[in-house]
Each structure stands twice: as structure tokens, then as C-alpha cells.
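Below you'll find the structure, written out as C-alpha cells, and then a few comments.
There are 2 protein chains.
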Amino acid sequence: MRKKLLVFTCLVACISVVTGQKINWTPVAPGIWKGVVGVPESYDLLKASGSHPNSEALEKIMQSAFPFETDMAVGRITDGKTSLRFPLEKEEQLYGFGLNFQTVHQRGKILQLHLDHYGGKDNGRTHAPTPFYVSSKGYGVFINSARYINVYAGTGVRKESRTPAVAKDRNTDKTWSSRPYSDAVEIMVPAPGVEVYVFAGPTPMDAVRRFNLFNGGGVLPPRWGLGFTQRVKSLYTSAEVEKEAADFSEKGFPLDFIGLEPGWQSKAYPGTFEWDKNRYPEPGKFVQRMLDKNIRLNLWINPYVSKDAPFYNAIQPYTGSHTVWVGEVPDFTIPQARSAFFGQLKKSQADIGVSGYKIDEVDGYDYYLWPDVATFPSGISAEQMRQTFGMLAMRYSADIFHEKNQRTFGLVRANNGGGVSLPYVIYNDYYNHEDFITALINSGTAGVLWTPEVRASKTAEEWIRRFQTVIFSPMAMINAWSSGTKPWSYPEVASQVKELALLRMRMMPYWYTEFARYHFEGTPPFYGMALEEGFKQEIKKDAANKNLDENPYAEATSKEIKDQYMAGEYLLVAPLFTGQTTRKVVLPKGKWYDFYTGELAGDGEVITVTPGLDKIPVYVKDGGIIPMMPAMLHAPKASEKVDLEIRYYGTKPGYYKLYDDDGETFNYENGAYSFLEIRVTKNAAGNFVGTIADPVKGKPNTVGNVTWRFMSK
Amino acid sequence: MRKKLLVFTCLVACISVVTGQKINWTPVAPGIWKGVVGVPESYDLLKASGSHPNSEALEKIMQSAFPFETDMAVGRITDGKTSLRFPLEKEEQLYGFGLNFQTVHQRGKILQLHLDHYGGKDNGRTHAPTPFYVSSKGYGVFINSARYINVYAGTGVRKESRTPAVAKDRNTDKTWSSRPYSDAVEIMVPAPGVEVYVFAGPTPMDAVRRFNLFNGGGVLPPRWGLGFTQRVKSLYTSAEVEKEAADFSEKGFPLDFIGLEPGWQSKAYPGTFEWDKNRYPEPGKFVQRMLDKNIRLNLWINPYVSKDAPFYNAIQPYTGSHTVWVGEVPDFTIPQARSAFFGQLKKSQADIGVSGYKIDEVDGYDYYLWPDVATFPSGISAEQMRQTFGMLAMRYSADIFHEKNQRTFGLVRANNGGGVSLPYVIYNDYYNHEDFITALINSGTAGVLWTPEVRASKTAEEWIRRFQTVIFSPMAMINAWSSGTKPWSYPEVASQVKELALLRMRMMPYWYTEFARYHFEGTPPFYGMALEEGFKQEIKKDAANKNLDENPYAEATSKEIKDQYMAGEYLLVAPLFTGQTTRKVVLPKGKWYDFYTGELAGDGEVITVTPGLDKIPVYVKDGGIIPMMPAMLHAPKASEKVDLEIRYYGTKPGYYKLYDDDGETFNYENGAYSFLEIRVTKNAAGNFVGTIADPVKGKPNTVGNVTWRFMSK
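From first to last, the protein sequence lines are chains A and B. Note that this note's numbering gives residue 519 to position 528 of the first sequence, counting from 1, and the numbers run on in steps of one. Note that this note's numbering gives residue 438 to position 447 of the second sequence, counting from 1, and the numbers run on in steps of one.
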């Protein structure tokens, strides 16, 4: 194989231009095809992620034909790089290309998919530069490469197009445009070969589901992961952490896990991965006392190793040429590096009851991380390591907990294609509330989770507006590592904040089921309107604002909805931001009902709402079923029975499959779970009647008493 | 050779990590060494530029030893790319890496040197991403590659450093820094080999001189190129152009050449490169009438070819795969493409008397230019073409004029390492006045010329402030292609603007000599304080402004002087910007005198000046000699005798070598030029006495009557 690769490398290197070749597609699962161009590299995203397709689930999705004319997908090796071309019709829109923060429509973009902190511009550098896109025509494309991938999402205008753009005379023709029609998505992978996957629809959401299931399905967090989490100030002591937990309890604020920041370690930046003896003199007892209160601990790390780490000598031969903050960078592709590093985490932390990690600074930015000239002992290039380092850190830390048959759920700053099943939520330091919501939308097509975490705020208004959105997100968190804020820090809104936190807890059965759908069906729990069936947006453009002296090429930009999103199957969330008292909400076709009152809000129309400071506008799809539980301060314990309040909205027949399992272990992997059918219909008398299936014998059953609320009159 | 390359390519591709090797240096000229790492590519910057070292001039610079310990320069081929490492001491500052617009100090930067329009951030993407840097220790380094080059200018922190950075505990140590000391400039060239050059000092300016002379020396423009130029509105007719010239003449404003914008062509974007028959019915007669008035014409082009161009069929087989504004992109490395394209320019324009070109949009940006997946028939990659396209367009258009033994001087949007002798000045659309000045500083270390062109202004104040700086720049221009402004468009300052334009003309002997020094000695005519001998700036840092919630890593930034510059050997220019009435000027060691009054301004100190709206502060070095001529409205004709007023400032013995030649042809290449020594000394009576050498027999002599002005009392 190695010899073959050499010969091929030579061949492609020697012929300066190889004419593009139609890509041959091999079915690898129902509605999924693989194409190979050149000789793919031995290290790629899927290998780094360690993911495996959920074949059983994939078989359940309806069959679908290859989604475009195969002649239109072309691969070519030139200049030692792989060029790919996929078709792009005039009315097509594109979504995806990773965790973008400011834009949803990706057609017309030029991106370099490069793992990095988010620098304020959607240029491909982000915490999850997933090389996957979804077309509005209902298919997806994934490039399985751990390289920096250049994407021309409909910008290049080829001489030899079947549907060529038309030249115009700018001197006299007012319809001249600086962006003529491009008939292709063109992609360059800087390696002499790559694997490509196409995911059929028929809808864009179907393509996303297939993509997620192909990567093993989304993560299923423990129930407690969906509760509320507070991250404390960096130099807190164990006594202060316990005091914090007591404060939450006393004030009646829910709390499922507390995050400890760098100060839990004896040294940080670079870290020792040991408890600081002064701040945490008895870690084992401390962790146990917290667990006894039903509060778990999550520990901040960044994986850069201090010379003072107890495993330094063991890991040192297996670290990269360059340091990060003078800490050594483990080559996690090498077993010795993994056993040294994760062995320490297991022994010192997981084994005494720590429940998870926050993995910081595995994204970038360039000024801190290793440069692209760095080398790693495995031979993995610096570039490939950059694209996958977060994924490796997640994967092998998750393994610690998997081996203990104990689910974890943590935070991370980097993910990539293939990492959808890893139990981590992305966060960052960017802290722009509007853009945080756009990221929530884009997380749905990036195969990742994202939290619009709350840190501090300038005003009570900002505080509650941010809090409202974090409650309707994958991780409901205050990150007070620097500010020391608490949920009640803004007294003017403390009671509303408490109500929101309790609402988060009450909705846990819904959130948990939506995550189960992520895992078992591939449906992202949070996504944008483009993935919502029946929602269609015309490609409209704003008028260009031309100041020829300063920008002779100003162009119209595409209108897009980037401030409202779907939270699970039934909820449409339309947050307000600081300074807003009113906003427009675009309701897709079909009836939508107010989540709080059950009143009809609209049907396929744009409504304007003025919800007041206390409320975040949330709408429920006609027939929507939202299972809720009592406002507990902590997630139910493993297999604990909990009463349900099943809410039903609208008038259409209601259908939901409530997920149930023990909530904490991986026994679901061996079938120890059930989906219980919930139905709401009208009886002969015209009254709504709800039914829920009986528990399945031999499966965990946490459903207590059920009450029904038919919300719409 | 080809076979050898193949074998080598295989070798380096197969060994995943080749340990770095000390680079071997071969002297190639006095104080210049070449190092070869791997197998350099056959197409590089120097080959694209067509430049040849000016060996004669290089021999004249003093010898100098290799400037750093040779062990400290290391090359390595990994992952098909070349990594380079050069030493970086703790107190070293770096300048260069191309035409940056916002920063002068480059230490601590990460750049990808990528030819592009300037996007508002010094990230390596610019109109001249010259892979050349100068160290404050007095040497320069040039990477001769037409690839996108990654530069880590002292950011990567290596495990195996001789002078390792020290780890600190961020938890408790307040001196923790997010940017620990890096001991190297690390560079990655995405090709399996590269040529590298080192240029000795002893001063930074000496290194720059050697670099420029190695590339053939700077351009020597025709005298008329240093006069005033106006670019007219795009759809002007020949009658309107003639009217414009008449207006200049009538109002007494100088004018040497007029620029015609896209409307001179029958079609543009893409272009036909033919005169528009309606707007320019008799181009030959029109051009001649203008020449008769001593006004030359410069024509806008961008080299993207319309199907309606008369040479379309001839060039079509030699264009790239992708179009720019639906125009085809000539592969100028192919002779047939050159003869079709430049043949048209010669026949239709140069041969009827057109004097030069403005070559637009050869820089970027990505949304208009060919993508990196494009191919060109020569096999030159899209990336290499991007890095050199402007240089190729300049080179071969300059050849038209060289063949006619007629100098040209035009405008361009892209240059690169090797292109210092090409007769073009860079401009762009960015239009930030402050940043335009910083670019003027950086042009001096980038081997390029840059003009802070004037377009339009919001106020008369802005107009005159911009005008003041363009007068002290390589090209004194109003670019009114869109706005239609004239020098007198702001009546409140029209008389001052006229005085400035006339000052530009009066200073022509000085400017012309300074450009001759650029050509014959390599000294850039415009440069920053870092290249000024005796000027030393401490590496001071501003205090970091930390808001940990929004940026946990905010770092101190290096203080730098980026708003004053040297204009030739003797003048320090300190512009004011809109809104400023006063400013600080940093005067290097030695006495400096006010350019206008001759009064002592200061000596090695920071002065504060309030010059009023009419004046741009300009200071003359002690002993400075500024040769001036009468305020003519057009540059002198070839070999026309012109009276001189020789100004002398200060008290030190004055020395200057006044350059003289015919001002229009390339006869200077065959020795038809002279440098006439000018000296000012004090005689026995304590009075200043000036002398100028007699004209050299057989050489052009344009010196008429000489008068002396001893400016300082």
C-alpha cells in the first residue's frame, strides 16, 4: 500500500495538470455514497473522531436516489492538491461549512475551513469548521479531510461551463454585476487525494440526519447534563464551591453541575492536572460531598502539559516540537501519550467522582497554538493536528467515562466533522449575543452542539435576554470564571431568571427526548429555519449601497433569517436582544401557538411581537407535544420515577415518542431504552384525549404520574 | 533534472518528518548569500519578475560578514512543505513582510503572504506581500517563492530552544504572559523546496539596498512621471479630456499626465483593449494633440479579455480555466498569450503615443479573481499565478516601452518580491489616510512604490491634508475616475493646493535624484524611521487593557512610529490628518530644520507642532541639500536645461550628488547619465559657499543657472 501510494504520488506530481475526472460513487449506506479522488491520506476526520456509522438507524430512513447528475461532480489532482467540483443551480442555497457566527446562507462565500477561535468574521476559521454542506435542493456533501480546506461556494466562474455566465459592459450596462453566476461549489484539499461523501435527502434535514447517523448519531447526554450548570471563579476553594452550592439550594435555583476553572490545578497554563493542595486539600471527600448533594463537578483543562505535571516524563517523548504557553502538546494519536495524559485524569479525577471536563483552547488562536511548521512524533502534520486536536481530546477523555459506564457532558472549544457523538458542547470568548444565536442555527448543520453561555452583562436587561437563550440551548450555563456572577446577580430580574432556570428543569423530558432523537435519528436538537420542513425562503437581495470611491464593487447581499431557531421538533424560539422591545418572527406554513398561553400566534406569516422583558418568544407547531416534569432543583437520579405534565398545542392530531432510559449509563447502547408513544386526538365529544404507551417490560421506566394540559382552546 | 526532481520529491514525501538541517549559504554577491532547501520550484518570484542583480552597484557597497550564526538558520521538508527557521534575539525588531497598512513592527505577527487587495487587517494579504524582512540587527532575509508563505515572526515557542521561554503559573503569577518569548522567525513554504537569500547590513538600510540592487535596483521613472497626474471620469470623451487639460493650464495647475479610466475602451470588465469609437473617435490625433501640449496619457486596464477583444481568438487557447468578470485570464508565462495581449497594447496604444498604463485588479480580491482550483495552460498553479500576475503584467507592458527606448511610469494593484525595478506605483481602494502613510513607510522595505492617492474628500480640510501627503509621495495624483474632482474642487483650499502642486514641480530635481539613488544605489525614496541611521526605538509596550470576559488573553502591543516618514535622504515628513491641528514629531539624533523656514526644529527629541492647515510639517536633516527648479507646469522636456535653486539647511558640511540624464529614455543604461557633486562648506569668513561639479563631457546636461539658498541662519 505504501509503495502504491508512492507511485501514485509521483504520477500526480509529475503531470502538471490532470484533467478533471467524474467522481465514481459507491453506496456505503442507504442514501449515502462515497467517492474517492486520488489517494486519500491515512489520517482524516473520520479516523480522528473514531466514529462509526449507526447502520441500524440509517436503514430506517427512506431510500433516496443519488441527488444530482453524477457528471457534475468532478475531481482532479493538480499541484499536489485535490480539486473538487459539485454542481450549483441558479436557485440553490447552501448551508453549513461549519459553525459560522454571522451568516446562515453560505452561497457566494469563500472559506478556508480552519480550526480556530472565532475571529469575528465568517471566513471558515471557527471552532468547528466541519467540511459539510447542505443544499436547499435536499442533499449534503462531506469532505473527509483533516486539512485546511478551501471552499469556493459558488464564486469561481469557469470558461467551460454548461451554463456560462454572460459578460457585460460595465461602462454602459447598469446590470453589470461584480459577481457573475457561478455554476459550481469548488473545493481544494491540499493533499493528493480525499474521500468525499454525498448524503441524499429528499429534504435538507434528511441529509443532515444521514450525515449525523453516518458519524454515529448525536451525543446522548446524561439527564443531569441538561440541567443547570454554574462555573465558579478560577481561584475558588473547595469550601467556596460548597458555599456556592448551598447558596443555590437556599435560594431555590436549580444546579446540576459546577465547573471548576484553572485554579483547581496546582499550576495552569501550562497545567499539572493535579489538584491544588491549598484550594482543594481533600479532593476525594470534596467531590463525594458534592455528589451527595446531587451536584456534579466539571473540571477545566487545556491539554498543555507543565514540566511539573506528575506524568511529564512519561509524556515528554510523545509531544510536539512546539509548546503552548510553554506547555508541551501531547500527540494524542500515540497510545503512550494517551495513557500518560488520560491516565492522570482518570486516576486523579474521574475515579474520585469528577463527572466531566471543559477542554479549553484546543481551537486556537494562531498566536498561542503550535505553528504549522510544528512537528509531532507520530508524523501527523501540524495542520492535521490543528483540525483534530479538540476531537482527539474529547474522544479519549470521553473514553474514560465510557469505560466506567458513566455518561459525561462537558465543554470544548473545538470539534470537527465526525465528532457529532462526542459528549461536549462548544463555547467561546466571542460573547456577541446576536451572533451566538446564529451559531446555534449553524450548529445544526455542523454536527456539533453550541451554547450561548452567559458570563456577565452590562445591564439587567442584557442579563435576562442572554439567560433566556441559554435556557433554550444545549447547555444552560453561567460561566463566571472571571466575573463571579450568579443567576441572582441582577436583583431586578432575579425572580425571572429563577423562573427561567426552573423552566429549563421542567422541560427536561422534552430536551432529553430531543437529544435521544439526535442520537437515534440524527436530528439536531437545535437548528435553523432552513432545515424546517415547509419553510422556504426566496433568494432575495438587499440593494447594494455603492460608494464607488471607497468600494467600487459593493454588491447586494442575500437576506437571511439568523435570529430565530428551532429547539427540537416542536419549538420555534425567537429571542430578543438588548435594546429590543419588539421583533418580527417568521412563522413557517402551518399554525403556530404561543408556548406560554397556547394561543394561536399565526400561520405562515411574519408576526411582530412585544413580549416584555420576562419572556422569550417561543412558538409551538400545530399538534406539538411538550412533555414536562416538576421544577426539580437537580436532574432525577438514575431511573428515578418522575411525574409528567404533557402539554399539547393546537388542533392537529398530536404524536410524540418520549425517550426513556436510566439517564446516566451507556446501557442504552445495549438496548436498555424505550420510546413511548404519546398521542393526542379528539374524541367523539370533541374533547382532546391523550394517551401514553405503557412502559416496555425489562426497560428502564422513569415515568411517574401523567397529567395532561391541552394548551390551545 | 526532471528525473532527479522526481526521485527527490519521493524521498521527501515518504519520510514523514525530516529532521531540520542547517542551511548552507553560498555567496552570490558582496554581502548576499543564497541558501537552498529541498528542491526549489522552477517558477519563483525572481523568475517571474525577470529581474537581474545590479552587480556593479552591489560591488560598491562595503563588504559585510554573514550576519548571524549559521547554525541558527534551519530548513526542513515535512508534509511536502518547506519549513525555515531564522534566529530572533530578545531585543530584535522586524520590518517588512510586504506592504502592510497598519503596522510597522512585524515581530510577533503571524502572516500568510498572499497577494490580495488590502482587507483592512495586516495579515499578510496585501498588494505586495513581499517575502522579505529586515531585522533591526541589520540584515535581511528573502524567500524566493511564488507560493502563499506562512510567517511566524517570533510566535512559535519551541521545546528545543537554546534560550527557552519560561513557564509560569497563570493562577497566581501576575507576570504570566499569553505570548512567551519565541526565539525564531519560522516560515512555511508550501512546496518541497525553496531558495532563500540573506542580505548583510551592517545597517537595516544596507540590507534593503542590497535587496533592491539584487533585484536590479529601483525603477527610474521619466521626469514627467514625477510631475502631477489627474485621472478623469470613466466615461470622459477625448473632447472632455482636452478641456480638462485646458482647465489645468488656464488655472495654472501643473499637469504631466492624464489617466483615462475604463471608458476609453469599447467594453470593460472584461475589456476589449480597443478605443471606444464614440468617446475616442480619433485616438491617434487625440494622443498627439495631448503630447503637443506636453501632457501624456495613461490608460486604465485590467487584463481580463472580452470575447469582443480583437485578439480574443489568438489568446483564447492560452487563458486560464476560470474567468474574471467573465473575461479570460491570459497566461502571461506563455509567449503566444503575451504577443496577443501586449501586441494589442503596443499597436493600438503605445505606438500612437500612449505613455503608460494603470493595471487594475491584478491583486484580488478572492471573490473576483480566479480561485485556487483554477488551472493555467502553462501548468503554473493558480496560487503561483496569483502571487505573480501583477508582476507579469507590469513586466511585459514595461517591455513595450523599453523596446521603444521610452520610459513609462504607471499604476498597478499588485507587485511582489523581485519587482522593484518595474515602472509602476501601487494604489488601492482602501482610502484610509493614516493607513496610507503607514503603507508609505512599509513600501520602503517591500521593494515597491506606493501612492496615497487623492480621490474625493468630505471636507476641504481632508482634501488638503490628503493632497499634502500625495505631494510627498512617489506619484502625485488625483484619481477622479468616479468623483470627477479637480485640484481646485474645494475652493477654500484651492490656492493652497495649487501651491502644493507647484512645490511638487519645484522639487522635481530632488525627487528625480532620489529615484536615481533608488535605481543606482537601492535606497528607497520613501521609507520609515527604522531605516534612518541613528534612529533607535526602544521596544516599549502599552499596558494591556484586560477585560477577561471578552478577551482573556489581551496583550500589550508594541509602540511604533507609523505616521511620519522619510522622503529621500534629507526630508522627514510628518503629515497631519483630518481633525488634527497639532501633532508630535519624533526627530532622530542630530539637528533637524524646518523645510519652509530653515529654522532649527530640534535634535533627537519629540517636538509638538501646530503647522496650520496650509502646511505639512517637513524637516531637513542637518547639512541637507535640496535641489529645486522653477515652478513649471510640466516636467522639462528631454534634456531641456532648467535653472536650479539649491537649498541648503543647517550647519554641517553639505553634500549631494545631483543625478542628471535626458529624463525620458533608457540611454542611462548605457552610461548616458551623471551624478554631479554639490558641496556646501563654510569659507574662512564664516559664510556658506556652495559648489556644483561641472557637467560631465558627453553626458546629458540639463543644469541651467544655479542659485543658492542657505536656509538656516
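Glycine included, C-beta positions come from ideal geometry on N, C-alpha and C. The structure displayed is predicted, hence computed values, not measured ones.
Coarse secondary structure for residue i, derived from DSSP in three states
| i | result |
| --- | --- |
| A/N206 | coil |
| A/F367 | coil |
| A/P618 | strand |
| B/K(-6) | For B/K(-6), the pLDDT reaches just 44, beneath the cut-off of 50, and the residue's location in the model is therefore unreliable, leaving the point undetermined. |
| B/L336 | helix |
| B/L211 | coil |
| A/W316 | coil |
| A/W583 | strand |
| B/Y650 | strand |
| B/F123 | strand |
| A/P155 | coil |
| B/T379 | helix |
| B/V694 | strand |
| B/N536 | Confidence at B/N536 is low in this model, with a pLDDT of 49, below 50, so its placement is unreliable and the value that follows should be read with caution. Note: B/N536 maps to coil in three-state DSSP. |
| B/V687 | coil |
| B/M702 | coil |
| A/N45 | coil |
| A/W361 | coil |
| A/T117 | strand |
| B/Q12 | strand |
| B/G192 | coil |
Residue i versus the options, residue with shortest Cα-Cα distance
| i | options | result |
| --- | --- | --- |
| B/A437 | B/A389, B/F517, B/F400 | B/F517 |
| B/N162 | A/A144, A/I178, A/K643, A/K224 | A/K224 |
| B/V445 | B/I432, B/V439, B/T460 | B/T460 |
| A/F264 | A/G355, A/S297, A/H510 | A/S297 |
| B/K477 | B/F302, B/A237, B/E60 | B/A237 |
| B/K268 | B/K276, B/I249, B/S257, B/P261 | B/S257 |
| B/W583 | B/S127, B/S703, B/E186 | B/S703 |
| A/G475 | A/L493, A/A447, A/R497, A/M179 | A/A447 |
| A/E374 | A/D322, A/A565, A/K395 | A/D322 |
| A/K395 | A/T69, A/M63, A/F657, A/V697 | A/F657 |
| A/E82 | A/I432, A/S173, A/S46 | A/S173 |
Contact belief for residue i with residue j at Cβ below 8 Å, rounded distance in angstroms
| i | j | result |
| --- | --- | --- |
| A/N117 | A/Y124 | Rather than Asn, the amino acid found at residue 117 of chain A in this sequence is Thr. No, A/T117 and A/Y124 are not in contact; Cβ-Cβ is about 14 Å, not under 8 Å. |
| A/R329 | A/Y387 | 5 Å |
| A/G713 | A/S412 | Coverage of chain A is limited to positions -8 through 704, which leaves residue 713 of chain A absent and any answer about it impossible. |
| B/P18 | B/E50 | Between B/E50 and B/P18 the Cβ distance is about 12 Å, and since that is not below 8 Å, they are no contact. |
| B/L106 | B/D283 | About 40 Å; that fails the 8 Å criterion. |
| A/L649 | A/P500 | 7 Å |
| A/Y188 | A/I23 | 6 Å |
Proximal residues of chain D, C-beta to C-beta of residue i below 8 Å
| i | result |
| --- | --- |
| B/H313 | You won't find chain D in this structure, because its protein chains are A and B. |
Query raised in the report: What residue ranges within the region 461 to 533 of chain A form continuous alpha helix (DSSP H) runs of no fewer than 4 residues, ordered along the chain?
Result: 485 to 497, 499 to 512
**Report entry** Uninterrupted alpha helix (DSSP H) stretches inside the region 384 to 433 of chain A (no shorter than 4 residues)
**Finding:** none
Query - Interfacial residues, the region 676 to 688 of chain B to chain A, with Cβ spacing under 7 Å - result: Residues: none.
Report task. Could you tell me which uninterrupted beta strand (DSSP E) segments, each at least 3 residues in length, are contained entirely in the region 656 to 686 of chain B, listed from first to last along the chain? Result -> 665 to 673, 679 to 683
Query - Whole alpha helix (DSSP H) elements within the region 231 to 309 of chain B, 4-residue minimum - result: 274 to 283, 303 to 306
Query raised in the report: Taking any Cβ of chain A, which residues in the region 278 to 307 of chain B have a Cβ under 7 Å from it, in chain order?
Result: Residues S297, K298.
Query - Residues within the region 30 to 60 of chain B neighbouring chain A, beta-carbon criterion of under 9 Å - result: none
**Report entry** Runs of beta strand (DSSP E) wholly within the region 18 to 68 of chain B (minimum 3 residues, chain order)
**Finding:** For the region 18 to 68 of chain B, whole beta strand (DSSP E) runs of length 3 or above, ordered along the chain, are 23 to 29.
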